[in-house]
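Take a look at the structure set out below.
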Amino acid sequence: MTIIDGHCDVLYKMYENRGLDFFNPTVSGLDVTYQRMVQAGVKIQFFAIFLSDSIRQPYFEHYLEYINIFYQRIISDPRIRLIKNQTDLLEVMSGPQKGAILTLEGADAIQDNPLFTQTLFHLGIRLIGVTWNYGNWAADGVLEPRQGGFSRKGLRFIKECNDLGIMMDVSHLSEKSFWDLAMMSEKPFVATHSNAKAICSHPRNLDDNQIKAIIQKQGRIGITFVPWFVTEQGTASLSDLTKHIDHICSLGGEKHLVIGSDFDGISKWIPGLEHTGKFDDLAQFLSKYYKDDWLKDFFFRNWYRYLQRQLPAR
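Here it is as structure tokens:
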């Protein structure tokens, strides 16, 4: 099965531990590695820049450090190609290389500076989640106590991203921020790693109205493997994951549902889904419940069709 995975935190781990090696199978510590991508048929992996909460004052240079790691230690290898436009996407999907899409999780250090946004675009950022869980200059996150929406500067930032060709991620936004972005964005947006709140009431999950809004906008919803987003008990099985897939499909989301594992961003795993190499096991399990055509949509075609339309032409 060909797979596109819309979220992982490999870069965070490699920033925190400079000894990790994406290409060396003897170095443990990463859920996502090149060998595991090959093993499971992962064709394209989204790599997020996420600054830890321990960085009390994020600066633009922090983003540059992550991007330097990405360029030096991942895409410097000719087996992986950075996808920045539709041509890159097509050539990766039809050729032997794996693809990498660079994303930003938390725009705190952009600080309403259009030059920073443009620079990130030139360096390859193609998707931005405006907040992590808390508030910043642009918007409130899902755990920010005041539960506000986008600021005036933040609304302007949405337009800047639309104009540049940077896709927007709502996974960590507060509910008010979600609806502000849904109203303001002229482009379809995504929730790269969120499940269904009707099945598990974690605040990071999406309620039915949010799911329907993403579907109506022709966006994408990334089923995620974080156990506490799958069940309220915080322990989950592959069967529990299917309940979220069923629910999103029941709302009309079968052409909008994608994968957003959150590998390397979690410390507990669903048994049978401990790392990227286990995607085959997930596909085999889901094949008992869904026809092959739907599985191809879930695992790669829905992401591919979205990227075809939303990536810059060149």
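Quick note, the sequence shown lines up with residues 1 to 314 if you use UniProt numbering.
Beta carbons: idealized from backbone N, C-alpha and C, even for Gly.
Note that this is a predicted model, so its numbers are computed, not measured.
In angstroms, rounded to a whole number, what distance separates the CA positions of residue i and residue j?
i, j, result
"Cys8", "Arg152", "30 Å"
"Asn136", "Val170", "14 Å"
"Asn133", "Thr2", "31 Å"
"Arg126", "Leu311", "8 Å"
"Phe46", "Ala100", "6 Å"
"residue 341", "Leu115", "As shown, the chain starts at 1 and ends at 314. That puts residue 341 outside it, with no answer to give."
"His122", "Ile75", "16 Å"
"Thr33", "Thr276", "8 Å"
"Leu206", "Ala196", "5 Å"
"residue 334", "Pro227", "Since the first residue of the chain shown is 1 and the last is 314, residue 334 is not available in this structure."
"Lys98", "Met184", "34 Å"
"Asp108", "Lys291", "42 Å"
"Ala139", "Gln218", "23 Å"
"Asp180", "Tyr59", "26 Å"
"Leu307", "Gln86", "8 Å"
"Ile4", "Arg56", "33 Å"
"Lys159", "Ile110", "15 Å"
"Tyr289", "Met37", "24 Å"
Residue i: which of the options sits nearest, CA to CA?
i, options, result
"Arg309", "Ile55, Asp21, Leu89 and Tyr15", "Leu89"
"Arg73", "Gln97, Gly129, Ile259 and Asp21", "Asp21"
"His62", "Leu164, Arg146 and Glu16", "Glu16"
"Lys176", "Gln147, Met168 and Glu160", "Gln147"
"Phe298", "Phe285, Asp281, Leu257 and Phe150", "Leu257"
"Cys249", "Ser267, Trp294, Asp112 and Gly41", "Trp294"
"Lys13", "Asn113, Phe70, Gln39 and Gln35", "Phe70"
"Phe285", "Lys268, Ala313, Ile245 and Arg305", "Ile245"
"Pro96", "Tyr304, Leu102, Gly41 and Leu282", "Gly41"
"Gln35", "Phe178, Ser287, Lys278 and Gly19", "Lys278"
Contact check, residue i vs residue j under 8 Å by CB: the rounded distance?
i, j, result
"Ser174", "Gly141", "6 Å"
"Asp264", "Thr224", "In fact, because the Cβ distance is near 13 Å, the residues do not count as touching under 8 Å."
"Ile221", "Ser201", "With 8 Å as the limit, Ile221 and Ser201 do not qualify as a contact, their Cβ atoms being about 17 Å apart."
"Thr192", "Gly29", "With a Cβ gap of about 23 Å, Thr192 and Gly29 do not count as contacting."
"Phe300", "Lys43", "7 Å"
"Gly154", "Val190", "Contact doesn't hold; Cβ gap of about 18 Å is too wide."
"Ile128", "Leu104", "5 Å"
"Leu164", "Thr235", "41 Å between Cβ atoms; not a contact."
"Phe150", "Asp112", "Going by Cβ atoms, the distance from Phe150 to Asp112 rounds to 12 Å, so no, they are not a contact pair."
"Ala182", "His247", "In fact, because the Cβ distance is near 20 Å, the residues do not count as touching under 8 Å."
Just to confirm, does residue i get its C-beta within under 8 Å of one of the non-hydrogen atoms of the ligand SAM?
i, result
"Arg305", "Only the bare structure without any ligand can be found here, which leaves the ligand SAM out of the picture."
- What beta strand (DSSP E) runs, 3 residues minimum, are completely inside the stretch 141-186? 167-169
Any chance the stretch 233-247 sits against the stretch 24-34, with 3 or more Cβ pairs inside 8 Å? Verdict: no, contact absent.
Stretch pair the stretch 252-260 + the stretch 206-220: three plus CB contacts closer than 8 Å: Contact between the stretch 252-260 and the stretch 206-220 is present, because at least three Cβ pairs lie under 8 Å.
Item to check | contact_flag[the stretch 32-50, the stretch 59-76] where n(CB pairs < 8 Å) is 3 or more | outcome: Between the stretch 32-50 and the stretch 59-76 there are three or more C-beta pairs closer than 8 Å, enough to call the two in contact.
* To do: Just list the beta strand (DSSP E) runs in the stretch 48-105, keeping only unbroken ones of 3 residues or longer that don't cross its boundaries, in chain order.
  => Qualifying beta strand (DSSP E) stretches, in chain order: 80-82 and 98-105.
I'd like the ranges of any beta strand (DSSP E) spanning at least 3 consecutive residues and lying wholly in the stretch 181-236. 220-223
Note to self: If we require 3 or more residues per run, which beta strand (DSSP E) segments fall completely within the stretch 237-297?
What the structure shows: 257-259
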